[in-house]
Every structure is written in C-alpha cells, then in structure tokens.
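Enquirer:
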C-alpha cells in the first residue's frame, strides 16, 4: 500500500516528533491569491511602503498565510483521520515571513487521551514552522480527536499537557525593527489607537461575505491541505463539502478590518474553537471583543487581545452562548488572538 | 462607533481632498490572478519580451489592474452609500505601472448636486492614483449618486463640473520609450494596424463568457473593493450579489482582443455607463465601434477611440439603444476609451 | 472580418509552420494560482530549497504549467474549430522553466487525413514551446479532428505521420544538474524509490476532487486558452461548459502525489486520450499503473513510465475497458507519461 491513509490514534507516542513533508516556498503570488480570497486590507501586509514606514524591510506575508501553510503541512500526519479539530493554544508568530521564504514544519506529540468509548482519542501536538535558515517562524499547540484503526488497541497512558490560558504578553514576539511611533493612521484606514479601545468593548464588523465552493477549495489547496472532506462531494452522505476551518478564520480576520484596521499583525493565538461547520452558500459575519491590552518593547507598539467571533446572520452580533452555556446556534468560530496595534 | 459606515451625500464639500486608505503594492501575482479571471491576451501586458521589443523596460501591469486598484481604494470614502455609479470622464493613464509598485489614491470633490427628491444627490470626484515616488499613474473623474444620512440636511450649493466629452488626443500620455515601429503583428495575434480601422467600423468580438459568483468576488476582493452588495447574499431582498461594474469592463476589454488585438494599452477613459446590472450565471458578449483615430508623438504609435459595449446574448451585437433612445435591454456597459495601437 | 474564426481542415498544409501569437511571461504568480487550482505537492516544484538540494538552481514551474501555456498558444490556430482532441505522442520536456521565462510556441503541420464523411479531417501538428533564448522547452505531437469550412473543398493527399508508441527513455531530457543521490524522502512525503515499484503495479490514489465552473474557467484562462466551449454556457444546446481536458490532466497528476510523491517531474508524454467529457459538479478520482522503468544518466535519477487514469466515482479503480474493448463509462482520461524518480 503506497498511499498514505494517515495516522490513527494508536500511532501517536508522546515525545515523538513528526517531520511533515513537502516544504513550500511562498512568493508574492500566494499573497495575491490570498487577497483575492479574503477582503484583507491591513496596511502592513498590503503595502511594502507602509511596512517600511513601520520599520520593516518589506511587507510580510499575512500572518494567516504562514499559519495556513504550516497547518497544511501537518494535515497528512495529524488530521487525515481526525473526527474534530478541538482547539489551539500557545500560538506565537515568531518572525515575519517575506516572499521567497521556504517553510517546513514539525510537530511534537505532547499529549494523548483515549476517549471513554474506546473508538477514538485526543492527540495534542506542538507544531513548529521554520524558514530555510532553521528559524522558527510560528509555533502553536493543536489538539484533535482521532479515530482508532483498531478498536482493540490498548489505551495509552493518558498525558494531558499543561497549557496556558493565554500567551503572556511578555512572550509575544514583535517583528525586528517594528516601530509604530510615526504610524500613518489615515493611510491605515482608521484613527483608533490602542488607547481608544477598552477592555470589554465589542465591535460589530458590519460587513458580510457569502462563500462559494470554488473559493474555499482554492484556499485550502493553496495551503496544500489535503483533507478529503473539503474537496470531495462524495465523501459525506449529504454530499456537502465541509469548509476548512481556517477559511473561516481568514474571512473573519479580514472582515475585522472594519473597526480594527490598526490591529495590524497577529502575533499570538491563545485559543480557538471551530464551533460549527460552514458550507458553501452560507454567509459569514464577524464581531470582536477586546479581552486585554498590553505594552510591548517595540516603539509605539501595543498588543491587543481579541476575541474574534465568526457567525452566520441568523445569530445577532455579540451573542456567543445561550442560557445553557453552549454556543448559540449560528456561531461558527470563537478565536482568541493577540495582535499588534499602535499605542 | 469604530466601523466605517461610509460618507453620505451631505458629508461632501466641493474642494476637499479625500485621502484614501490602505496603500497596495502590486506584484506579478496580481497579474497572474487577473489573467486567470479574464481572457486577457494583449501582448504588451502578457510578455516582458514583447514589451521590451516595444521600447518598454518590462511588461506593465494591465491598465485595468491599475484602474481597479485605484478605484477600490476610493470605495470606502466614495461609494459605500452609493445608489448608482453614474459615469466617468477625463480618465488618463499617465505612467505604466510595473510589478513592485505601491499605489495610493486621493480624490478631490469637484461637484455636488442634491436630487429633487431630497433623499440623495450626485457627487463628482476627480481621483488620482500615485506610485511610491508620488508620480500620478492614473486620474479620472467619476460621479455617483449617494444617499443622504439625514433627509433634512440642507441642500448644498449645486456645483456641476465642466467635463470634456472626450480626452483630447494631444493630452494622452504615451509610456516613456514606447515604440511600435518594429511591432511584431504575428506575435501580437492580428495583422490589423490603425490604418486598417475606419471611424464608424463596428466589430463583434464573437467570444462569450458566462460568469460565476466565485470569480467576481475574487476579482473584486483583489482590488480591496469592499462594497457589501458584491459579497453579501443577504444584502438585497432578492438574495443576489450585484457584480462589480469593473468586472464587466475587464471582461469586455479582454473579449475585445478578438478583433482588436493590437489596441494594446488603454490610455484614456472618455466616459462610461454601467447600463444594467450583471449577476452570476449571466453571459457577457462584447462589440466595439471605432469612434476616432489620432496620432501620437511616439514612433509608430497611434491612438484609437473605441466604444466598447458589453451585452447579454439576448440583445444582438451593435444594438445599443431602442427607438425611444434608451439603452436596449441586455446592454450592460457602454464604455468610451482611447487605446494605443500601431499606426 | 477582423476577428479570428480559426482555421478549418482545408487550411492546413503538411510542412507549414504556424507561429502562434501572444508570448507569455510566466512568474511565480502563475505557480501560486496553479497550486490553488490543483492539489499539487511534488516537492521539486513546491520548494526552492528542495529543488536546490536536488541540484537545480530554483524550483522549476510545474511541468504542466509549461504544457498548458504552450497548448493554450496553439488553440487559436489549431483547435478553434476542432471537433475532438484525439491524441498526443512524442512529448518531451526539454528544459526546466523558471519564473520570469517568456514562452512562445510554433507548430509544424505533419499530417492530414480527410474523414470519409467529407465534413472534417484529422490534422497532426508537432508543437514546440521555446523560451526567450530560443531554446526548446517542450515539444509534442497532437492530433485533432477539425471541421471543414467548405464541404466541397477537395481532400488533401493523406499524410499520416509515423509516431513512436512511447518516447525512448534514452531520449528523455533530464534537467541540467539534477541529482537525486542525496534525495530527502521524508521531506518529499513518501519512502518509495523507483526500485520499490514493479512494472504492472497499480496504485489507487484514493483522494477525490469535485470540480466547479469557476475553477476550470480560471485555469483555462490562465493559459490564455480561448476555446469558446469552456466559457460560454450558451454555446452548447445543453447549456453545459465542457471542461478543458488539461484541467483533468492536472487534477489527476496532482492526485497521484498520494502513492507517487517521488515521481517528481514529468519529462515525457507518450500518449493520451481524453476519453469522455467532464462537467462542473463531477468528481475526479485517479489511479496509475507502472508501465516501464528506465535509467537515466543523471545521478540517482530513474525514469518511470506511468499510465495515469482519471475517472469518475461510478467506475471502480483499475477498470479501464469493458469486455467490448471500449473504455468503461466513467473513465475520463488515459494518459501515458514518463516521470523522473529517485532510483
């Protein structure tokens, strides 16, 4: 059998390192396709001149291009037999990625826990994306529920990693040279600086996008993410193609420009839940809540911790959970990130 | 309220300058996506070698890439609350834009006229796109009908700008170095030079393209054009997404290759009407009429003034208006341009 | 009549050379769009670093990008009035194409044979794609059935070219410098080297992709392929748009990564049949059969001859023909290629 049927739950050993295949060189072309797929407008990633004005040598590729590329590398080893993508933690963008960079990825298995039904289990991996110099550009923890190949395989010793609720702001990496002290708010698109946002403040991003089959498949393929369920209309009984959760992340992030145009660069991923599936024809809306604010050592650069929620139009903005504590129907994504913003 | 709800009619003052946000660096990637979206084949923009053979240092990005990018910048300040995009005038491409150029845009308000119903008005702006050196690369006048926020806001003094019916050919800018004296008609795809076209001649471009939701959204996002109506199927009562008028312009221009392969570069936009809306599933056809011809100072380079009409298959080529003087049903676009062509 | 209505059967003369129009400069952007359109993951074309590790100066553009670009150039002169694309032979990729290369194409007419019905005939052309230095990068023979303009036009003398059943492996061109002696199988994604494949071995590539209208039109336009039937829903009586056969080739090739990840670069096209048409909404599956193996002079580099079959889910993998000797319903493509693989 020469084809890859993916790893099953019993194939993971805590402490082992998975070397993911197929390095990928990202060029300006990937950025252009990204900007065709999402209404991305944050100025640092849109304009080389704006980036230079902020102390960088060039416009970095959008932080989520890096995330999706690294994530895509892990799919054949981590999530081909995944039942659900359960969560993220301790994500940090460590170095801006410029056009021409080649990314590779590895994952360390840091936890396993068989489910009580004996048919599947949860696997935690800490994934690191590196550039061609070996520098880490992104790391994050992800955990997924994975089927067992053999239901009779013995349960491994349970190891549940101790994960931070949020990345400590002192651990966030600001890009070398980043300086917002001469930031041009007019060119960036909005006048609001970090001091203008209050913890607890919520912002309805107003804009909406209805998604199409061709778009999410173009996006997901661009990251060399090969999970069948996104591409094959014969895979599910209902004939639907499940949209890659990262498509929702990127769409929500891009929609958040309207109200958070100055949250220029994502540097931390504290957590995230893909609450419910999205299918072609659905419409995505987004809102944000300011969860925290922090200083950084870079001149004029602050950090804002944001809850970014994607939802369908049938649930109102700012509605997250029902009285039962469960996510309200129509909520798609509940993401918790740190972004850099002029103080 | 941190989100941008756009300007309303009473927000515009004649003489003020709008500085549009989010500069954009265009790379070869945008050209590749453009060539995937439209059947663009004009050789100067397709081949660096052909462009060099014509005296240029590299293949410029397609003139309409520049137009859409500059136009997209203006949307948040000019047309978020627009009811209709009414017209264009005095458009000139002033300098070829190469991959790597960063574009910004400003618009001067040059006219306002409240409608008699008191609910909306017409705003005229003269928009200028500039590269990172500050050189103007494109300028054009556009007028739009914009809703009032407050119906009781007083009507401003009416100012209607005096606009030329067409750009005088002596005002057209030919790219530095452009020289068609050794033009390769075989490589360009057609043998017809300017002298082979007669004023009044009409050309049916024969080819047709049926458009899809995914395509027009990819295109419109690529220009960072954020008008809701193009993306949100919940925005209109009929659930349809209105296709960006520029998508029709680019499709018609690309279709016009077949019969006007040597009308290499658009340098003037004399006028244009988006006659009727286009929706996914519709099919676009195109025809052209030669309106005028002129000489330029560049060696071997002439200018042809073209009416470029996009229409649906239900109206025959060359039918523009009915007996009542109104545009015939099925006509989509009536554009008036100057293009450069070998003499 | 200034538009191109294409050549008809009686317009072809054995021995004449067709100079195809519109040279095209390929950049990294075309690669990015290609990788969004197809799940392409072969490491040599995905990663500049991997390519350098294999002795190349940069990651070449995917071999099929070169094929489609050259093929697209030929469409206005060869297949606008084609009834069917009948076959390929003697195809060889002669030089890797890097970003920045400008391609042109010519075709020599090498055979004609009028059909017995007198309404059409078969035309054989040998097409050569060249880069801006004049070097041939690809050549192949294609034959198509073309309609006659005038049924009364006299039948030409029949000339049927003598074509090889397969490219002799000694005639395959390996890229200058290619060296697989330090090949990284883990990074490439699979452990299987040429010695692990046996002649006669069949591989079901397992993954499937359901195709959309927007995707195949984006792809086909990207190659400046202008055949109406791919774009115009009003062209056929059934309102369907026929998908460019090359879209199926690229999809099948990309799907074949799963099981043939180390068949890095296609260097020979021995033959191929577009067995049945594909339409949007259909799902593509693929399987391969190892037909032959050979050595090359490049260090560590072997060649594998593969039958690559694309099919719909309604026909099982490895089913090619029925008892009547005809292709089984649901088979889409039967392609015969040589690819380079570590020995």
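Protein chains in written order, with the numbering used here: chain B, 150 to 492; chain P, 150 to 492; chain L, 150 to 492.
Positions of the beta carbon are idealized from the N, C-alpha and C atoms, including for glycine.
Model, not experiment: these values are computed from the prediction.
Does residue 479 (chain B) come out as helix, strand or coil in the three-state DSSP assignment?
Expert: Here residue 479 (chain B) corresponds to residue number 330 of the first chain, with the count starting at 1. Correct three-state label for residue 479 (chain B): coil.
Enquirer: Residue 178 (chain L) CB to nearest chain P CB: under 7 Å?
Expert: Sequence index remark: in the third chain, residue 178 (chain L) carries index 29 (1-based). Cβ-Cβ to chain P under 7 Å: yes for residue 178 (chain L).
Enquirer: Strictly below 9 Å CB to CB, what residues from chain P border residue 168 (chain L)?
Expert: Taking the first residue of the third chain as position 1, residue 168 (chain L) is located at position 19. Under the 9 Å cutoff, chain P gives 335 and 336.
Enquirer: Check the Cβ of residue 331 (chain B) against every Cβ in chain P and list those closer than 8 Å, keeping chain order.
Expert: Your numbering for residue 331 (chain B) matches position 182 in the first chain. In chain P, no part has a C-beta under 8 Å from the C-beta of residue 331 (chain B); the shortest such distance is about 15 Å.
Enquirer: Ordered along the chain, which non-local residues of its own chain (more than five positions away) have a Cβ less than 6 Å from that of residue 359 (chain L)?
Expert: Your numbering for residue 359 (chain L) matches position 210 in the third chain. Once the five neighbours on either side are set aside, the close Cβ partners of residue 359 (chain L) are 432.
Enquirer: Compile a chain-ordered list of the residues in the region 235-252 of chain B whose CB is closer than 7 Å to at least one CB of chain P.
Expert: none
Enquirer: Buried or exposed for residue 366 (chain P), please, with buried defined as at least 16 other CB atoms from any protein chain shown within 10 angstroms of its CB.
Expert: Taking the first residue of the second chain as 1, we reach residue 366 (chain P) at position 217. Flag for residue 366 (chain P) reads buried.
Enquirer: If contact means a Cβ-Cβ distance below 7 Å, which residues of the region 151-163 of chain L contact chain P?
Expert: Shown in chain order are the members of the region 151-163 of chain L whose Cβ falls below 7 Å from a Cβ of chain P: 151, 152 and 153.
Enquirer: Let me know the secondary structure DSSP gives residue 282 (chain L) once reduced to three states.
Expert: Within the third chain, the letter at position 133 stands for residue 282 (chain L). DSSP places residue 282 (chain L) in coil when its eight states are reduced to three.
Enquirer: Taking residue 352 (chain B) as the query, report the chain P residues whose CB atoms sit under 8 Å from its CB, ordered along the chain.
Expert: Position 203 of the first chain holds residue 352 (chain B). Here the neighbours are 151 and 152.
Enquirer: Could you give the residue range of the alpha helix (DSSP H) that holds residue 407 (chain P)?
Expert: As a first step, residue 407 (chain P) is located in the second chain; it is residue number 258 there, counting from the start. Residue 407 (chain P) -> alpha helix (DSSP H) spans 406-409.
Enquirer: Contact defined as beta carbons within less than 8 Å: I believe residue 456 (chain P) pairs with residue 437 (chain P). What is the distance between those atoms, to the nearest angstrom?
Expert: If you number the second chain from 1, residue 456 (chain P) lands on position 307. If you number the second chain from 1, residue 437 (chain P) lands on position 288. With 8 Å as the limit, residue 456 (chain P) and residue 437 (chain P) qualify as a contact, their Cβ atoms being about 6 Å apart.
Enquirer: Sorted by chain position, which residues of the same chain lie with C-beta nearer than 6 Å to residue 217 (chain P)'s C-beta, five sequence neighbours on each side aside?
Expert: Looking up residue 217 (chain P) in the second chain gives position 68. Correct list, in chain order: 372 and 395.
Enquirer: Do you know how far the Cα of residue 330 (chain L) is from the Cα of residue 446 (chain L)?
Expert: For the purposes of this step, residue 446 (chain L) is identified with residue 297 of the third chain, where counting begins at 1. For the purposes of this step, residue 330 (chain L) is identified with residue 181 of the third chain, where counting begins at 1. In a straight line, the C-alpha of residue 446 (chain L) is about 12 Å away from that of residue 330 (chain L).
Enquirer: Is residue 415 (chain B) buried or exposed, if buried means 16 or more other CB atoms sit within 10 Å of its CB?
Expert: For the purposes of this step, residue 415 (chain B) is taken as the residue at position 266 of the first chain. Buried, because 16 or more other Cβ atoms sit within 10 Å of the Cβ of residue 415 (chain B).
Enquirer: Looking at the structure shown, is residue 194 (chain B) part of a helix, part of a strand, or coil, going by DSSP?
Expert: Stepping through the first chain from its first residue, residue 194 (chain B) is reached at position 45. Correct three-state label for residue 194 (chain B): helix.
Enquirer: Within a Cβ cutoff of 6 Å, which residues of the same chain sit near residue 166 (chain L), ignoring the five residues on either side of it in sequence?
Expert: Along the third chain, read from residue 1 onward, the residue named residue 166 (chain L) stands at position 17. Answer for residue 166 (chain L): 255 and 257, listed in chain order.
Enquirer: Can you tell me whether residue 376 (chain B) is helix, strand or coil according to DSSP?
Expert: Your numbering for residue 376 (chain B) matches position 227 in the first chain. If DSSP states are grouped into helix, strand and coil, residue 376 (chain B) belongs with coil.
Enquirer: Where residue 440 (chain L) and residue 273 (chain L) are concerned, what is the direct C-alpha to C-alpha distance, given to the nearest angstrom?
Expert: Counting from one through the third chain, the residue named residue 440 (chain L) turns up at place 291. Counting from one through the third chain, the residue named residue 273 (chain L) turns up at place 124. Approximately 26 Å between the Cα atoms of the pair.
Enquirer: Taking its Cβ as the centre, do 16 or more other Cβ atoms sit within 10 Å of residue 303 (chain P), making it buried, or is it exposed?
Expert: As a working mapping, residue 303 (chain P) is identified with position 154 in the second chain. Residue 303 (chain P) comes out exposed.
Enquirer: For residue 307 (chain B), count the other beta carbons within 10 Å of its own beta carbon; 16 or more makes it buried, fewer makes it exposed. Which is it?
Expert: On the first chain, residue 307 (chain B) is found 158 positions in, with the first residue counted as 1. That one is exposed.
Enquirer: Suppose you measure from the CA of residue 408 (chain L) to the CA of residue 182 (chain B); what does that come to, to the nearest Å?
Expert: By one-based count along the third chain, residue 408 (chain L) stands at place 259. By one-based count along the first chain, residue 182 (chain B) stands at place 33. Straight-line Cα distance between these residues: approximately 28 Å.
Enquirer: Could you give the distance in angstroms between the alpha-carbon of residue 459 (chain B) and the alpha-carbon of residue 351 (chain B)?
Expert: On the first chain, residue 459 (chain B) is found 310 positions in, with the first residue counted as 1. On the first chain, residue 351 (chain B) is found 202 positions in, with the first residue counted as 1. Those two C-alpha atoms are separated by around 13 Å.
Enquirer: Alpha carbon to alpha carbon, how far is residue 199 (chain L) from residue 385 (chain L)?
Expert: As a working mapping, residue 199 (chain L) is identified with position 50 in the third chain. As a working mapping, residue 385 (chain L) is identified with position 236 in the third chain. Roughly 45 Å between the two C-alpha positions.
Enquirer: How many whole angstroms separate the CB atoms of residue 375 (chain P) and residue 251 (chain P), which I take to be in contact at a CB cut-off of 8 Å?
Expert: Locating residue 375 (chain P) in the second chain gives position 226, counting from the first residue. Locating residue 251 (chain P) in the second chain gives position 102, counting from the first residue. About 19 Å separates the two Cβ atoms, so there is no contact after all.
Enquirer: Am I right that residue 213 (chain P) and residue 179 (chain P) are in contact with their C-beta atoms under 8 Å? What's the rounded C-beta distance?
Expert: Against the second chain, residue 213 (chain P) aligns to sequence position 64. Against the second chain, residue 179 (chain P) aligns to sequence position 30. Not really, about 11 Å apart at Cβ, beyond 8 Å.
Enquirer: Are the C-beta atoms of residue 199 (chain B) and some chain P residue less than 7 Å apart?
Expert: Along the first chain, one-based indexing puts residue 199 (chain B) at 50. So, interface residue.
Enquirer: Within the 7 Å Cβ cut-off, does residue 465 (chain B) reach chain L?
Expert: What you label residue 465 (chain B) is simply residue 316 of the first chain in a count that begins at 1. So no, residue 465 (chain B) is outside the interface.
Enquirer: Hey, residue 442 (chain B) and residue 343 (chain B): beta-carbon distance below 7 Å or not?
Expert: Reading the first chain from its first residue, position 293 is the one you call residue 442 (chain B). Reading the first chain from its first residue, position 194 is the one you call residue 343 (chain B). A contact, by the Cβ cut-off of 7 Å.
Enquirer: In the DSSP assignment, find the beta strand (DSSP E) that holds residue 439 (chain L) and state where it starts and stops.
Expert: In the third chain, residue 439 (chain L) corresponds to position 290, counting from 1. Looking at the DSSP string, the run of the beta strand (DSSP E) that includes residue 439 (chain L) is 432-444.
Enquirer: For the region 276-295 of chain L and the region 191-198 of chain L, state whether three or more C-beta atom pairs, one from each stretch, are separated by less than 8 Å.
Expert: At 8 Å Cβ cutoff, the stretches do not touch.
Enquirer: Return the first residue and the last residue of the beta strand (DSSP E) that residue 347 (chain B) is part of.
Expert: Reading the first chain from its first residue, position 198 is the one you call residue 347 (chain B). Here residue 347 (chain B) belongs to no beta strand (DSSP E), and DSSP marks it neither H nor E.
Enquirer: For residue 432 (chain B), go through chain P and note every residue whose CB falls closer than 7 Å to its CB, in chain order.
Expert: Counting from 1 along the first chain, the entry for residue 432 (chain B) is found at position 283. Annotation: Cβ neighbours of residue 432 (chain B) in chain P (cutoff 7 Å, chain order): 381, 382 and 383.
Enquirer: If we cut at 7 Å on Cβ distances, does residue 375 (chain P) have a partner in chain B?
Expert: Along the second chain, one-based indexing puts residue 375 (chain P) at 226. At least one chain B Cβ lies under 7 Å of residue 375 (chain P).
Enquirer: What's the call for residue 309 (chain L), buried or exposed, on a 16-neighbour Cβ count within 10 Å?
Expert: Counting from 1 along the third chain, the entry for residue 309 (chain L) is found at position 160. When all chains shown are included, residue 309 (chain L) counts as exposed.
Enquirer: Which partner residues does residue 422 (chain P) have in the DSSP bridge list?
Expert: Within the second chain, the letter at position 273 stands for residue 422 (chain P). Beta-bridge pairing links residue 422 (chain P) to P:483.
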